[in-house]
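First residue of the sequence shown: 1, per the UniProt record's numbering; consecutive thereafter.
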Amino acid sequence: MKKRTPELTPNPSLPDDLLLTCFARVSRLYYPTLSLVSKSCRSLITSPELYKTRSFLNHSESCLYVCLKLPPDPNPRWFTLCRKPNRSLTNITKKKKKKKKKSSGSHTWHEAPSMLMERRYPVASVVDGKIYVVGGLKDFDSSKWMEVFDSKTQTWEFVLSPPTPVKRFIFWTAVIEEEIYMFGENGVAYKPEEDTWKSEVMSIGVVCHCVVDNVLYCYFDGINWYDSDIGHWIELKGLEGLPEFARYSNVFLVDYGGKIAVFWDKDLPSSGCKSRAIWCAVISLERCNNSREIQGNIEWLDVVLTVPYCYSFVNVLVATV
Numbered sequence: 001m002k003k004r005t006p007e008l009t010p011n012p013s014l015p016d017d018l019l020l021t022c023f024a025r026v027s028r029l030y031y032p033t034l035s036l037v038s039k040s041c042r043s044l045i046t047s048p049e050l051y052k053t054r055s056f057l058n059h060s061e062s063c064l065y066v067c068l069k070l071p072p073d074p075n076p077r078w079f080t081l082c083r084k085p086n087r088s089l090t091n092i093t094k095k096k097k098k099k100k101k102k103s104s105g106s107h108t109w110h111e112a113p114s115m116l117m118e119r120r121y122p123v124a125s126v127v128d129g130k131i132y133v134v135g136g137l138k139d140f141d142s143s144k145w146m147e148v149f150d151s152k153t154q155t156w157e158f159v160l161s162p163p164t165p166v167k168r169f170i171f172w173t174a175v176i177e178e179e180i181y182m183f184g185e186n187g188v189a190y191k192p193e194e195d196t197w198k199s200e201v202m203s204i205g206v207v208c209h210c211v212v213d214n215v216l217y218c219y220f221d222g223i224n225w226y227d228s229d230i231g232h233w234i235e236l237k238g239l240e241g242l243p244e245f246a247r248y249s250n251v252f253l254v255d256y257g258g259k260i261a262v263f264w265d266k267d268l269p270s271s272g273c274k275s276r277a278i279w280c281a282v283i284s285l286e287r288c289n290n291s292r293e294i295q296g297n298i299e300w301l302d303v304v305l306t307v308p309y310c311y312s313f314v315n316v317l318v319a320t321v
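As structure tokens, this is what we get:
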């Protein structure tokens with residue numbers, strides 16, 4: 001007698017809520033692969049609900065973004081670091097827009113209200129979910145030197161001016177222990193929680209910097225960190241294998257989830273000096289000698305992107321998603 005072939009019954013699809021909970025527990029490294037399973041999976045992977053679920057379950061990860069200007073396109077473009085199957089920068093096909101804010105979870109832009117003052121090359125910092133913009137006034141007015149944007153109320157307002165006379169331009173800022181340090185033609189510091197100012201005497205003339213666990217790191221003839229207790233810069237040890245950067249290199253540092261991500265570029269002679277390679281290294285940090293010393297350790301370094309020779313490195317940032 002012939003055996004009867006059992007009828008195949010399709011598996012019922014899982015509810016979206018259950019899939020979101022499963023996806024939220026998976027590292028973002030596997031999202032490109034999961035998005036290939038089906039259209040519904042791809043829709044869930046790119047949904048804002050997924051990132052809300054990840055945050056609720058405390059499964060957030062640091063995501064690295066880089067903004068570059070690639071000729072002949074006049075519009076800056078955002079790239080994200082793709083660590084699988086290789087460590088490379090992937091274009092997320094979103095152009096940088098003026099007066100807009102970006103959602104790192106859904107890769108979309110949202111319109112934001114204009115600032116109260118017209119500014120040229122201002123500098124911004126974020127403290128407690130608020131954006132503080134300083135300097136760059138077209139018509140200098142110390143009472144309107146700084147303004148703050150509240151993302152919850154979607155409103156701007158001016159910040160009390162510092163008692164110390166300030167100059168027109170600020171070149172860069174750093175947030176250390178919820179205090180904004182501003183460096184330019186002169187330096188001051190502002191603590192939003194107490195609404196107080198103080199003169200800042202930290203001596204530094206470079207703009208390549210980042211803050212990790214309330215420690216300021218900068219690049220000048222190597223990566224150095226600032227010891228506020230003794231008032232000077234100390235070379236970060238343990239970076240054997242990190243190449244010496246060329247004098248022409250664009251160098252950027254960023255806090256990458258408690259580690260330092262450093263970017264630099266290098267000419268490609270094989271291209272006839274028509275292209276450059278962007279390199280990236282991730283450095284873990286360890287406190288030693290009763291926290292009086294900091295030791296660095298290079299976890300990996302590699303080329304992540306090839307760009308035209310006359311490109312511009314606009315910015316690099318990290319979002320928790």
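Each residue gets a CB set at the ideal place from its N, CA and C atoms; glycine is no exception. Note that the structure is a prediction, hence the values are computed from the model and not measured.
- Its chain contains N224 and Y226 as the residues whose beta carbon lies nearer than 6 Å to that of W233, once the 5 sequence neighbours on both sides are disregarded; these appear in chain order.
- Between the alpha carbons of G241 and L301 lies a gap of roughly 9 Å.
- Counting every other CB atom within 10 Å of its CB across the protein chains shown gives E179 a total of 16 or more, marking it as buried.
- Membership of I170 in the beta strand (DSSP E) is indicated by the continuous run I170 to I176.
- The region 55-86 contains, as complete beta strand (DSSP E) runs of 3+ residues, the segments 62-69 and 77-82 (chain order).
- Segment contact: the region 180-192 against the region 118-135, three or more CB-CB distances shorter than 8 Å; contact assigned.
- For the options L81, R77, W264 and C67, the alpha carbon positioned closest to that of E61 is the one of L81.
- Closest in alpha carbon position to K274, among T306, R292 and E286, is T306.
- If the five residues before and after V215 are omitted, its C-beta is found closer than 6 Å to the C-beta atoms of W225, all from its own chain and listed in chain order.
- The Cβ atoms of V282 and K259 lie closer than 8 Å to each other.
- If you draw a 10 Å sphere on the C-beta of L20, you find 16 or more other C-beta atoms in it, and that means buried.
- Leaving aside the five residues that flank A124 on each side, the residues in its chain whose CB is nearer than 7 Å to its CB run, in chain order, I131, Y132 and V133.
- Beyond the five residues adjoining it in sequence on each side, R42 comes within less than 7 Å, by CB distance, of S35 in the same chain, given in chain order.
- The alpha-carbon of L285 is positioned some 42 Å away from that of P15.
- A buried status is given to H209, since no fewer than 16 other beta-carbon atoms sit within 10 Å of its beta-carbon.
- Within a 10 Å sphere around the beta-carbon of S249 sit 16 or more other beta-carbons, which makes this residue buried.
- In the structure shown, I45 falls within a helical segment according to DSSP collapsed to helix, strand and coil.
- Following the DSSP letters along the chain, one finds P32 inside the alpha helix (DSSP H) bounded by residues Y31 to L34.
- Buried is the label assigned to T173, since at least 16 other Cβ atoms lie within 10 Å of its Cβ.
- Assignment of T153 by DSSP, reduced to helix, strand and coil, places it in the coil class.
- With respect to I298, L239 sits close: the two C-beta atoms are nearer than 8 Å.
- Inclusion of P162 and Y121 in the CB contact set at 8 Å is not warranted, their separation being larger than that value.
- DSSP places A24 inside the alpha helix (DSSP H), whose first and last residues are D16 to A24.
- The Cβ atoms of V175 and Y219 lie no closer than 8 Å to each other.
- Residue pairing from DSSP places F252 in a beta bridge opposite F263.
- The alpha-carbon of I170 is positioned some 23 Å away from that of D221.
- Within the same chain, L20, F23, A24 and L44 come within 7 Å of L50 by CB-CB distance, once the 5 residues on both sides are set aside.
- The closest CA to that of K144, considering only G129, E118, D128 and Q154, is found on E118.
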